[in-house]
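Here the structure comes first, spelled out in structure tokens, and everything after it is commentary.
Chains as they are written, first to last, in the numbering used here: chain A, 1 to 301; chain B, 1001 to 1273.
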């Protein structure tokens, strides 16, 4: 006779099919998209308050991150030459469709902002593009939370309340990190404050997420990447706000830690979702609990 | 669209499968017929060693999958013929559920997935760009991305055969009529009658799965009579279309975006430093 089967599942097989998304592409995009979006907003804020060098650094960083994002997104497609098929439709039920249109609106603004910022040509156009990219940027940085939460992957789906705030915080921390890395000390004030606030929001959102998810939070709690991400973000933010105010080298180190921290957080969230999709317990048990709760409520009334 | 969860498909014109697993004999003729008719590529010649199931699961290259479960439990009033040992063998042919609220269809960013005139859900292979969003969206683990073509693939309920007035290949070939094809409302009535019959024969654990239009996916176009809990067959006990929560997700993302904009503006508020 065959070994005794586990009757909570079908031979321990996952209920869901594993996402086909590659970590380097999609977790990488979650990081780069956040970096691009928040950097554009930081660039606009810096430009409008007379910090041209911080603004220029953030604009160039945003364009670079956007380029990496587009490469990762197209590279992950099964048929990359058909990426334009995304532009056939606009579907509010598909965060990927909405995201495509957000990027379509954001890309030209971010490109024009960086090009005019570096060359100094067309300052009026540059100012308009900078503000435009800065306004759309936060949407680029947070829609990706809806993108991964709008799946049956247990950890991602159930975490949908905190995920946009975690992503917004992580994006702000990374943009602050880029500012600390590339802007002179005299102009890096907004970057330091963005890093501090972003890291705090990121850590608070993650803590709340883990508490609310209960047993389902296991893949998050087990994730070394998430812990490393939090540690790097907090350390980078604190270093940036203290020694980073006086020493350019310390500011650069803090900026690098912030960027690495944000990337670790995104890869950690991605990895935890994959783990939860591959374990039938994470699909079956929360659904069982939901059914039991519904039954108990029915019995009460 | 799942944003409108009160939406009902035109049930009068909707066709479906009723898979009565109590009479499945595990012959896998449905798997073969499906492969042959739909030119579904090879999904690997694997030996699992856990049961007669070497197909393992539904995927881009497996559109019908027969599950085999062995249990030391009695099956109704049946004599197992293995001495005093209680023993029953559960076999069930799984397939795409063709949900009323189909998450794969909702999240598809190219419009490749569409709802047919028969109420089924079909991928247009020439439109799909292989983004893979439908794969984690499916609460049943049905749809997959095909390695060879790079595009998503799943059961079409033999869309071509339906158009010609034929029944799907799996139902046509099923030797015990475990897989029944027909108008969905008629199948639901038939299933209720069959459930009473099976329960009267002593199988108290028999239940219908996917027949209820008020469940998390609005009922499925392919539903089942099961003899045990759904998860025993690898099915989710309470599937919910992920887009049911999408309005809340958009709201949360919107608030977070506004907070990010305001927060970053605030960091630059002070002119100096």
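Heads up, the beta-carbon is just placed ideally off N, CA and C, and yes, glycines get one too.
### Task
With 8 Å as the C-beta to C-beta threshold (strictly closer), list the residues of the stretch 1098-1131 of chain B near chain A in chain order.
Only those residues of the stretch 1098-1131 of chain B whose C-beta falls short of 8 Å from the nearest C-beta of chain A are listed: 1103, 1106, 1107, 1108, 1109, 1110, 1111, 1112, 1127, 1128, 1129, 1130 and 1131.
### Task
Tell me, please, which residues DSSP counts as bridged to residue 1089 of chain B.
The beta-bridge partner set that DSSP reports for residue 1089 of chain B consists of B:1070.
### Query
What's the C-alpha gap between residue 1093 of chain B and residue 1062 of chain B?
About 12 Å.
### Beta carbon proximity, residue 1163 of chain B to chain A, threshold 9 Å
It does not; no Cβ of chain A falls within 9 Å.
### Query
Count the other CB atoms within 10 Å of the CB of residue 1010 of chain B; is the residue buried (16 or more) or exposed (fewer)?
Its Cβ having fewer than 16 others within 10 Å, residue 1010 of chain B is exposed.
### Message
For residue 1033 of chain B, which residues in the same chain have their Cβ closer than 6 Å to its Cβ, ignoring the five residues on either side in sequence?
### Response
Result list for residue 1033 of chain B: 1169, 1170 and 1173, in chain order.
### Message
Measuring only the C-alpha atoms, how far is residue 65 of chain A from residue 34 of chain A?
### Response
Distance between the alpha carbons of residue 65 of chain A and residue 34 of chain A: 9 Å.
### Message
Here's a check: name, in chain order, each residue in its chain whose Cβ is nearer than 8 Å to the Cβ of residue 1225 of chain B, leaving out the five neighbours to either side.
### Response
Excluding sequence neighbours, residue 1225 of chain B sits near 1018, 1019, 1020, 1021, 1022, 1191, 1194, 1195, 1198, 1206, 1207, 1208 and 1209.
### residue 271 of chain A classed as buried or exposed, judged by whether at least 16 other C-beta atoms fall within 10 angstroms
The residue is buried, with at least 16 neighbouring Cβ atoms inside 10 Å.
### Query
Mind pulling the alpha helix (DSSP H) runs of 4 or more residues that sit fully within the stretch 1095-1128 of chain B?
The stretch 1095-1128 of chain B contains, as complete alpha helix (DSSP H) runs of 4+ residues, the segments 1103-1107 (chain order).
### 8 Å CB neighbourhood of residue 281 of chain A in its chain, flanking five on each side removed
Shown here for residue 281 of chain A: same chain residues with a beta carbon closer than 8 Å to its own, the five before and five after excluded, namely 8 and 9 in chain order.
### Task
Locate the beta strand (DSSP E) running through residue 1019 of chain B, then write down its first and last residues.
Element bounds for residue 1019 of chain B: 1015-1020.
### Query
Along the chain, where does the beta strand (DSSP E) that runs through residue 1224 of chain B open and close?
Note, residue 1224 of chain B: beta strand (DSSP E), 1222-1226.
### Query
Within 9 Å (strictly less), CB to CB, does residue 1089 of chain B reach chain A?
Taking Cβ atoms only, chain A never reaches closer than 9 Å to residue 1089 of chain B, which makes this a no.
### Reference residue 88 of chain A; option with closest CA among B:1129, B:1077 and B:1072
For the set B:1129, B:1077 and B:1072, the Cα lying nearest the Cα of residue 88 of chain A is the one of B:1129.
### Query
In terms of residue numbering, what span does the alpha helix (DSSP H) encompassing residue 267 of chain A cover?
Looking at the DSSP string, the run of the alpha helix (DSSP H) that includes residue 267 of chain A is 248-278.
### Task
Locate the alpha helix (DSSP H) running through residue 34 of chain A, then write down its first and last residues.
Note, residue 34 of chain A: alpha helix (DSSP H), 28-48.
### Spatial distance of residue 1091 of chain B from residue 141 of chain A (CA atoms)
Cα-Cα distance, rounded: 47 Å.
### Message
I'd like to know if residue 1145 of chain B contacts chain A, where contact means its C-beta is closer than 9 Å to some C-beta of that chain.
### Response
Against chain A, the CB of residue 1145 of chain B has a partner CB under 9 Å away; the residue lies at that interface.
### Query
Mind checking if residue 1018 of chain B is an interface residue toward chain A, Cβ cutoff 9 Å exclusive?
Interface with chain A (9 Å Cβ-Cβ cutoff): residue 1018 of chain B is excluded.
### Message
Short of 8 Å in beta carbon distance, which residues of its chain neighbour residue 92 of chain A, apart from the five on each side in sequence? Order them along the chain.
### Response
Within its own chain, the residues whose Cβ lies closer than 8 Å to the Cβ of residue 92 of chain A, once the five positions on either side in sequence are excluded, are 98, listed in chain order.
### Where residue 1155 of chain B meets chain A, residues with beta-carbon distance less than 7 Å
Result: empty, since nearest Cβ-Cβ is about 14 Å, beyond 7 Å.
### Query
If you measure from the beta carbon of residue 1160 of chain B to each beta carbon in chain A, is any gap under 9 Å?
Chain A, which has no Cβ nearer than 9 Å to the Cβ of residue 1160 of chain B, makes this no.
#### Entry: Environment of residue 4 of chain A [buried if 16+ CB atoms lie within 10 Å]
Reliability of the predicted coordinates at residue 4 of chain A is poor, the pLDDT of 44 falling under 50, and the value obtained from them is presented with this limitation in mind. Residue 4 of chain A should be labelled exposed.
### Query
Are the C-beta atoms of residue 86 of chain A and some chain B residue less than 9 Å apart?
At a cut-off of 9 Å between beta-carbon atoms, residue 86 of chain A makes contact with chain B.
### Message
Looking at the secondary structure, which residues open and close the alpha helix (DSSP H) in which residue 211 of chain A lies?
### Response
Bounds of the alpha helix (DSSP H) holding residue 211 of chain A are 189-213.
### Query
Can you name, in chain order, every residue of its own chain whose Cβ lies under 6 Å from the Cβ of residue 1334 of chain B, other than the five neighbours on each side?
As shown, chain B starts at 1001 and ends at 1273. That puts residue 1334 of chain B outside it, with no answer to give.
#### Entry: Members of the stretch 256-275 of chain A near chain B, C-beta cut-off 7 Å
Against chain B - using a Cβ distance shorter than 7 Å - the stretch 256-275 of chain A contributes no residues.
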